[in-house]
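According to the numbering used here, the residues represented by the sequence shown are 1088 to 1295, in order.
Each residue gets a CB set at the ideal place from its N, CA and C atoms; glycine is no exception.
A quick write-up on the structure given underneath.
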Amino acid sequence: MLYRSNTRIAFARCLALSVVACGFFAASVPLCRAADEDASAASEAMPAGASVDTESGTISLIDQKNALIVVTVPGHDDLSFNVKDHPDVLKVIRVGDKLTTHYMEPYVTGLTPAEGAAVTRLTHTAKVTQHSSGADQENFQVLRVFSGVAQVTGVDRKLNLLTVVDKSGTARSIRVSRPDLIEVMQSLKHHSHVRIKYESEMTIIVAR
1088 MLYRSNTRIA
1098 FARCLALSVV
1108 ACGFFAASVP
1118 LCRAADEDAS
1128 AASEAMPAGA
1138 SVDTESGTIS
1148 LIDQKNALIV
1158 VTVPGHDDLS
1168 FNVKDHPDVL
1178 KVIRVGDKLT
1188 THYMEPYVTG
1198 LTPAEGAAVT
1208 RLTHTAKVTQ
1218 HSSGADQENF
1228 QVLRVFSGVA
1238 QVTGVDRKLN
1248 LLTVVDKSGT
1258 ARSIRVSRPD
1268 LIEVMQSLKH
1278 HSHVRIKYES
1288 EMTIIVAR
């Protein structure tokens, strides 16, 4: 949702763990801040694709060899990016570039009861799906996919919002729109465990 950490720690950790080269964006939680911090904020019935959070930062480190980028975000932990699948990105950005990230509302794509399964941290992959260049900015579309076992802490049947908590203790409120998954959601009980998969799209704008 992207590992959030101190710049050097994030960089070293990415190298040590050989971060999978299937993503542009790798960050730790919280990744859907507006929905995560308060379920009521998420229950404002945002339309599909609506932006629910925005962050701005500055590129502070680029490792060409390992295709890693670190972004410093004032007031927050740093963001670490992996762009190994998109080497062209390294040709159009540089240290000092300003960027703005618009997070879109996440949506559930997989949901099954998992009674007896231990709660895990939600893992994720990410990849750039589009890249366009302009005279004064670069635009990227990124798709992130999250999965793992979480505990149900809330079911809003009116707005079809499911709130879960993973092992890190981070709460996430995610919209359920597929009819088959809504049926599963409505059968869930408070504190039950579920195997969940959800996706979150984001737009990244790098300005010159």
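1) With a Cβ-Cβ cutoff of 8 Å, do T1199 and E1286 count as a contact?
2) So within the segment 1245–1279, which uninterrupted alpha helix (DSSP H) runs reach at least 4 residues, ignoring any that extend past its ends?
3) For the putative contact between V1160 and E1142, defined by C-beta atoms under 8 Å, what is the C-beta separation to the nearest angstrom?
4) For P1134, which residues of its own chain have a beta-carbon under 7 Å away from its beta-carbon, when the five flanking residues on both sides are left out?
5) Residues bridged to T1240 by DSSP?
6) Just verifying my parser: in three-state terms, what is the DSSP assignment at L1209?
7) Roughly how many angstroms lie between the CA atoms of D1165 and L1148, to the nearest whole one?
8) Tell me whether K1298 sits in a helix, a strand or coil according to DSSP, three-state version.
9) Across which residues does DSSP place P1200 in a beta bridge pair?
10) Tell me whether V1170 sits in a helix, a strand or coil according to DSSP, three-state version.
11) Between the Cα of I1180 and the Cα atoms of I1156, A1201, G1203, which residue gives the shortest distance?
12) For A1204, which residues of its own chain have a beta-carbon under 8 Å away from its beta-carbon, when the five flanking residues on both sides are left out?
13) Can you tell which of T1207, R1265, L1248, R1295 has its C-alpha closest to the C-alpha of F1233?
This is what the structure holds:
1) One-based indexing of the sequence shown puts residue 1199 at position 112. One-based indexing of the sequence shown puts residue 1286 at position 199. Their beta carbons are not under 8 Å apart, which means T1199 does not touch E1286 by this criterion.
2) 1266–1273
3) Sequence index remark: in the sequence shown, residue 1160 carries index 73 (1-based). Sequence index remark: in the sequence shown, residue 1142 carries index 55 (1-based). Indeed they touch by this definition, with Cβ atoms about 6 Å apart.
4) Translated into positions along the sequence shown, residue 1134 becomes position 47. Unreliable placement is indicated for P1134, whose pLDDT of 39 sits below 50; no coordinate value is reported for it.
5) The residue labelled residue 1240 in the question sits at position 153 within the sequence shown. BP columns for T1240 are empty, so no partner.
6) Reading the sequence shown from its first residue, position 122 is the one you call residue 1209. DSSP places L1209 in coil when its eight states are reduced to three.
7) Against the sequence shown, residue 1165 aligns to sequence position 78. Against the sequence shown, residue 1148 aligns to sequence position 61. Going by the C-alpha atoms only, they are around 11 Å apart.
8) Outside the displayed span of the chain (1088 to 1295) sits residue 1298, for which this structure offers no information.
9) For the purposes of this step, residue 1200 is identified with residue 113 of the sequence shown, where counting begins at 1. According to DSSP, which records beta bridges pairwise, P1200 is partnered with V1281.
10) As a first step, residue 1170 is located in the sequence shown; it is residue number 83 there, counting from the start. Correct three-state label for V1170: coil.
11) As a working mapping, residue 1180 is identified with position 93 in the sequence shown. Residue I1156 is the option with its Cα nearest to I1180.
12) Stepping through the sequence shown from its first residue, residue 1204 is reached at position 117. The residues are V1236, H1280, R1282.
13) Looking up residue 1233 in the sequence shown gives position 146. Among T1207, R1265, L1248, R1295, the Cα nearest to that of F1233 belongs to T1207.
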